[in-house]
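Chains as they are written, first to last, in my numbering: chain A, 425 to 679; chain B, 0 to 327.
Even glycine gets a Cβ: it sits at the ideal position worked out from N, Cα and C.
Source: prediction; values computed, not measured.
In what follows, a structure is listed as C-alpha cells, so that the remarks can point back to it.
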C-alpha cells in the first residue's frame with residue numbers, strides 16, 4: 425500500500441510550555457482506517473488539526489503525497505485543506521442554515537467569492553450536494569434548518585459536508601463522543617462505508633476500544649503527546665490497554 | 000508589583016480624603032492652601048495602612064473582596080466608611096442641596112402642570128409634522144449607520160483580526176475611535192453639526208448617525224466575539240478564504256442579534272432625537288425648546304404628551320420584535 429501521509433517529528437508546544445505533541449512519527453497508508461486512541465488531553469485533537477493546519481505545528485514535518493505541507497501559505501494551504509474533510513465532536517455546523525447550504529459549504533474551497541454569495545444558482549453544485557445528502561440518508565431533510573435535527577443527523581450532515589470536498593482523507597475528531605451508543609454506531613458505519621466504497625483514508629480519534637476494533641484497520645495511541653502504541657486493533661490486550669490509559673484503567677464494554 | 004499598585008491606589012485615596020478634609024476646613028476658616036500638610040497627611044496615611052498590611056489598595060491589587068468578614072474591625076473597612084461619609088458631606092455642600100427650596104418651590108410649576116393637563120390641541124397638526132420629522136430623522140440615522148457599523152464591527156472583533164501587528168493596529172484604532180465617538184454625547188455632536196450644516200433636522204440626523212455608528216460598532220463586534228468558534232474552524236478547514244469564512248460561519252450567527260440591536264438603536268435614537276432637537280437638531284425637540292422659551296405651557300404640554308406616546312409605542316414595538324428575533 426502506498427503511503428499518503430508521513431508525519432515526522434511532529435511537535436506542538438502551546439504557550440506556557442504545554443507540550444501537546446512530542447516528536448510524533450506516524451505513517452498513514454492510502455485507504456487505511458486509522459484509529460487514534462488516548463485519554464482526553466493526550467494530543468489527539470491537536471494531531472488531527474496539525475494535519476490540515478488548523479493548528480500550526482511548532483516543529484516537525486508533514487508530507488502529503490510526498491509534498492511537504494508544513495510551510496504552505498495562502499492559496500496552496502487552502503488547496504491542501506480541501507483534500508482533508510473534517511468531522512468534529514461538536515459537529516460545527518451552521519445552525520441557522522439549511523442542510524443543503526451546510527453541505528454546499530464543504531465546496532467553498534473550489535468556489536469564487538461571488539459564487540459563494542449565491543450558491544443555490546449553481547445547478548450542478550446543488551445536485552452534487554443533494555447526492556451527498558442522499559448518501560447519508562437525509563434526503564427528506566434537505567431544506568430543514570440544521571438546528572432542528574438530532575445529534576446523529578447533524579453528524580451525518582457534517583459527513584456529507586466533508587464528502588462535498590471530495591476529500592482524499594477524512595479527519596474525524598471524536599465524531600461519536602457526544603452521541604448515544606446506537607447512534608454512534610450508525611455514524612461509524614457511514615464512515616466505514618466511505619472508507620470501503622470510496623477508498624477515502626480515514627483518521628478517526630475514538631474513546632471506545634470496541635468501536636476501534638470494529639472499524640479500525642490500524643490503531644495508534646497517544647499518551648501525554650507521545651506515541652505509545654502502533655499496531656492492529658486485536659493487538660491491544662490488557663497490558664497494552666493499561667499502557668495507554670494508565671494503571672487503574674479497566675475496559676468497559678458498551679453495547 | 001502588587002505592592003506598588005496598592006501603594007498608588009492607597010495614596011490616591013488618601014489624597015482624596017485629605018482634599019475633602021481641607022475643603023471642609025476651608026468652609027470654616029479663611030480660604031488658604033493646605034497643600035503641604037495635606038500631602039504629608041496622605042503619605043502618612045498610606046504608610047500607616049501599608050505597614051499594617053491592611054488597606055484598600057492591597058485588597059484591590061490582590062483581587063480580594065472589599066467586603067470581607069470582620070469588616071468593622073479592619074483599617075480598610077473603616078477607611079471605606081470614612082471615605083463614603085466624607086464624600087456624602089462634601090457632595091451635599093457642592094450640590095447646594097436645599098430641602099426647603101424643594102418643598103416650598105412647588106408652586107412655581109403651576110404653569111407646566113396646568114399645561115400638561117390641558118394641552119393645546121389646536122396645534123396638533125403642526126406638532127405632528129414636527130414629530131414625524133423626529134421619527135424620520137431617527138430612522139434615517141439608524142439605517143445609514145448600519146453599513147458603516149457592519150464593516151467596522153468585523154475589524155473591531157478580536158477573534159477575527161489576525162494576531163499580526165497590522166491586525167492589532169486596526170483593532171485598537173477602530174475600538175478607540177468607536178469609544179471616543181460614543182463617549183462624546185449626541186448633543187455635543189448636534190452642536191458641532193449645527194455649525195457645520197446649519198440648524199435643522201439634517202444636523203440632528205448627522206449627530207445621531209455618528210453616535211449610532213460608534214455604539215453599533217461596539218455592540219456588533221461584541222456579538223462577533225461571542226460567536227461559536229466551531230463553525231469558523233469547520234469552514235476554514237474546507238479551504239475557504241477569509242471572506243468566505245465570514246460569509247458562511249460568522250454572518251449567519253450574528254444576523255438576528257444584529258437586527259435586534261439595530262431596532263433597539265432606533266428606539267434609542269427616537270428618544271435622543273428630541274434632546275438633539277433641543278440644541279438645534281430639528282424635529283419635535285426644536286419645537287419644544289421654542290415653545291418653552293416663549294412660556295407657552297399649553298403647547299409644551301401637548302409636545303410632552305406626543306413624545307411620551309411615541310416613545311411608549313416604539314418601546315412596545317421594538318420589544319416585541321426583539322423578543323421574536325432572539326427566539327430565532
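- Note on residue 469/A: 16 or more other CB atoms within 10 angstroms of its CB, so buried under the neighbour-count rule.
- Nearest to residue 513/A by alpha-carbon distance, out of 604/A, 434/A, 617/A, 481/A, is 604/A.
- In this structure, 523/A is the residue among 574/A, 570/A, 523/A with its C-alpha nearest to the C-alpha of residue 550/A.
- Ranked by how close their Cα comes to the Cα of residue 499/A, the residues 16/B, 142/B, 99/B, 237/B have 237/B in first place.
- At a cut-off of 3 residues, not a single continuous stretch assigned as beta strand (DSSP E) sits fully inside the stretch 129-186 of chain B.
- Counting every other CB atom within 10 Å of its CB across the protein chains shown gives residue 114/B a total of 16 or more, marking it as buried.
- In terms of CA proximity to residue 488/A, 454/A leads the group 459/A, 546/A, 454/A, 466/A.
- A straight-line Cα-Cα distance of about 42 Å links residue 22/B and residue 296/B.
- Chain-ordered, the chain A residues with CB closer than 7 Å to the CB of residue 239/B read 532, 533.
- By the criterion of at least three beta-carbon pairs nearer than 8 Å, the stretch 302-315 of chain B is not in contact with the stretch 219-233 of chain B.
- Among the residues facing chain A, residue 233/B is included, as its CB has a counterpart in that chain under 7 Å away.
- When DSSP states are grouped into helix, strand and coil, residue 572/A belongs to the helix group.
- Excluding the 5 residues flanking it on each side, residue 473/A has same chain C-beta neighbours closer than 7 Å at 479, in chain order.
- When Cβ pairs closer than 8 Å are counted between the two stretches, the stretch 124-133 of chain B is seen to touch the stretch 285-305 of chain B, the count reaching three or more.
- For residue 117/B, no alpha helix (DSSP H) run applies, since DSSP gives it neither H nor E.
- Residue contact with chain B for residue 619/A: absent (no Cβ-Cβ distance below 7 Å to any residue of chain B).
- Straight across, the Cα-Cα distance linking residue 254/B with residue 25/B is about 59 Å.
- According to DSSP, residue pairing for residue 431/A in a beta bridge involves 450/A, 486/A.
- Sequence-distant partners of residue 15/B (beyond 5 residues in either direction) whose C-beta falls short of 8 Å from its own C-beta, in its chain, are 82.
- For the pair residue 305/B and residue 259/B, the Cα-to-Cα distance works out to about 25 Å.
- Close CB contacts of residue 58/B within its chain, under the 7 Å cut and outside five residues either way in sequence, are with 65, 75 (chain order).
- Taking CB atoms only, residue 219/B has no neighbour in chain A less than 7 Å away.
- Residue-level contact by beta carbon fails for residue 15/B and chain A, as no gap is shorter than 7 Å.
- Residue 51/B counts as exposed, since fewer than 16 other C-beta atoms from the protein chains shown sit within 10 angstroms of its C-beta.
- Residue state for residue 88/B is assigned as helix, using DSSP reduced to three classes.
- A distance of 7 Å or more separates the beta carbons of residue 234/B and residue 214/B.
- Cβ proximity to chain B below 7 Å picks out 589 from the stretch 566-595 of chain A.
- Residue 564/A sits in a helix when the DSSP states are folded into three classes.
- With fewer than 16 other Cβ atoms from the protein chains shown falling within 10 Å of its own Cβ, residue 497/A counts as exposed.
- Contact check for residue 576/A and residue 610/A: beta-carbon distance about 6 Å, within the 8 Å limit, so the pair qualifies.
- The DSSP-derived three-state label of residue 458/A is strand.
- In the DSSP annotation of this structure, the continuous segment of the beta strand (DSSP E) that includes residue 650/A starts and ends at 650-655.
- One Cα belongs to residue 321/B, the other to residue 264/B, and the distance between them is close to 11 Å.
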